[in-house]
Structures are given as structure tokens and as C-alpha cells.
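Structure, as C-alpha cells:
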Amino acid sequence: MTEAVDTSSAGDAFDRPDAFDRPEIVGAPLGPGSLTWKYFGDSRVTLLGPRPGVLENMLPELGQAVLEHSVFFDDPFARVKRSLPGIYGTVYAPEGSSAGPTVRDFHINIKGEMPGGERYHALNPETYYWAHATFVDIVLTATDRFIKKLTDAEKEQIYAESVTWYRRYGVSDRPMPATYADFVTYWDRMVDEVLIPHKTARYGVGFVTKGYPLPPGMNPLVWKAISPIVNPFAAFITTGGLPERSRRQLDLPWSDRKERNYRRFCAAVRAIDPIYRKLPAKVRYNKFALKGFAQAGVRP
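Quick look at the structure:
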């Protein structure tokens, strides 16, 4: 396990030590044989839309940190481009070569005050773990919706692998649930009781009703031609991809008919899995996963 960073050096003192009165949480190995490697970098995961980013920003402290420290409002794509290489580099790496500490250290100076006067810090373990939990969730949710229905044992394994994944960041695992069942309880409590429609999250889903702006570097004429197709589909997978309560909190338009269509869409994508698995690896996986498999000397 990577040594936990002392966030007090950044000016905030947190209760960093892990709880001593709970059983040891045992993780599972990450590597070419893990389910996380198999599914996290699968291109079909993108069909879940911006679910992790939206749910991250619905945690008040995270939404405030992005509001005050990120270029998200000027360039919504920049945060994704900057964050994903580090997150994938934490997963698709040999033990001891993870990008986790680099990702962690990037957050040392991200701190400030909430509107009510409380202090926040990106390396507060409860805050940092929620950001991680949204990525654990997409492995579980995207796989279950678009790749295959996971068995209980597979869900347990993915969660155990996520324990190893989180520990690669070197942040206290005090808030980490001990088991998959505990994670489900934690997740439901966060969605039902803690998340709010923060300004940052609302901005992040504004395109659902307004459409995407011109993507950086794209020819305006090309965007004008494809946006009537891209925008409705993006709105469909974004809104359908969110938990029902979060959808309501963000005032995103949805209906029973759209819900039925979304479920049919998920089932249709799962149904073509035998065909999908015959496609070239560079189509099936993103570049970060392919790099990890190549370094491990394994064909995905």
C-alpha cells in the first residue's frame, strides 16, 4: 500500500489514520486477469455518459472545489482530458508503477471554504473516496447495462479489486466500505441523502436541454451537420445513465416512455456482445487500457 499523504502539509489537518476497530479490508489483485482490467477500459463504458463526473460534482465539497479551482466552466472537456490518463494509469499499471500518487498530489492545494464557512480539501478522505466511488460505480453499472449481467460473485470481485485500486492513491481508506454489500449501502445513502444539485453539476448537464457547444478543434460546418444527431443521443444516454433521484434533482426531462426505450437500448447493446468481441482490440478498448495490456504482454 502506498504511504498516505499528510494533507496537513497543505494547511488542513484531517483525521487521517484508518479506523483500528474494524476488520482488515482485503483487496483483490489488479492485472490482466482482473475483471476491472477487462471492463473498465471497454469502449462500451462510454455509453454511460458523464455519470461519474456529474455525480462527483453533486457532492457539495467536490462541486465547490471544481467551481473554484477548475477551468471546467471555460472548457468542460479540459477536466476530462486531464483526469482520465491518471485514473486509467492508476488501474492499468503493474504494482508499484501506478500513477496514483501523482493523481493524489495534484489535489494537495485544492482547498477552500464552502458558502456556509466550512472548510473543504480535495484530499479529505471522505471527499476523495466519493470521487473514486463514482468510477467503481461505472465499472459495475456500465458492465451490467451494456456488456453482460454481472453475477453477485463478479460484483464482489470488482469491488475487492477497487480496494486495491483506491489504495494505490495513498489516501486514507477510513471511509472505504468493507464489502460490496456495504458499498451498495454507502452508495444509496450518498445518492439519497448527501448529493445536491450543485451549480457545477447543473452546468455539466446543461447541454441536455441546450445542446453541446462547438467542440474544440472541430470545423463549425461539420458540427452543424452532426449536432442534430449527436445532441439528442447525448441527452438520452446522459439522462438515462443517471440515478432516478439525481435526474429529478437536476430537473432533467425524462418519461416512462424514455425509460422503456433506454432499457431496450441497453438490452440491444448487450445482445450484440458476441459480435463486438470479434472486433479489433483497438475498437473494443481505449488507448489507456491497450497500453496497459501491451506492457503486461497480454492480448486483451
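Okay, so the sequence shown: first residue is -2 according to the working numbering, each after it adds one. The beta-carbon is built from N, C-alpha and C at its ideal position, and this holds for glycine as well.
> Would you call the CB atoms of residue 55 and residue 172 closer than 8 Å?
Replying inline: no
> Span of the beta strand (DSSP E) holding residue 58?
Replying inline: Run containing residue 58: none in the beta strand (DSSP E); it sits in the alpha helix (DSSP H), 57 to 66.
> Grouping DSSP H, G and I as helix and E and B as strand, with all else coil, what is residue 284?
Replying inline: helix
> Cβ of residue 23 within 7 Å of any heavy atom in the ligand MG?
Replying inline: With respect to the ligand MG, the structure offers nothing, as it holds no ligand at all.
>> Quick check on this structure: which residue in 125, 80, 118 and 224 has the alpha carbon closest to the alpha carbon of residue 170?
In response: 125
>> Residues in the same chain with beta-carbon distance under 8 Å from residue 25, minus the five sequence neighbours each way, listed in chain order, please.
In response: 31, 154, 157, 158, 160 and 161
> So what's residue 83 in DSSP terms, helix, strand or just coil?
Replying inline: helix
> Which residues in the same chain as residue 104 place their Cβ atom closer than 6 Å to its Cβ, once the five residues preceding and following it in sequence are excluded?
Replying inline: 119 and 120
> How long is the line joining the alpha carbons of residue 237 and residue 251, rounded to whole angstroms?
Replying inline: 8 Å
> Residues in its own chain within less than 7 Å of residue 65 by CB, not counting five upstream and five downstream?
Replying inline: 109
> Who are the Cβ neighbours of residue 300 in its own chain at under 6 Å, not counting the five residues just before and after it?
Replying inline: What is shown of the chain runs -2 to 297, which leaves residue 300 out entirely.
>> Using 8 Å as the threshold, is the C-beta distance between residue 41 and residue 266 below it?
In response: yes
>> Once the 5 residues before and after residue 232 are set aside, which same chain residues still bring their CB inside 6 Å of it?
In response: 205
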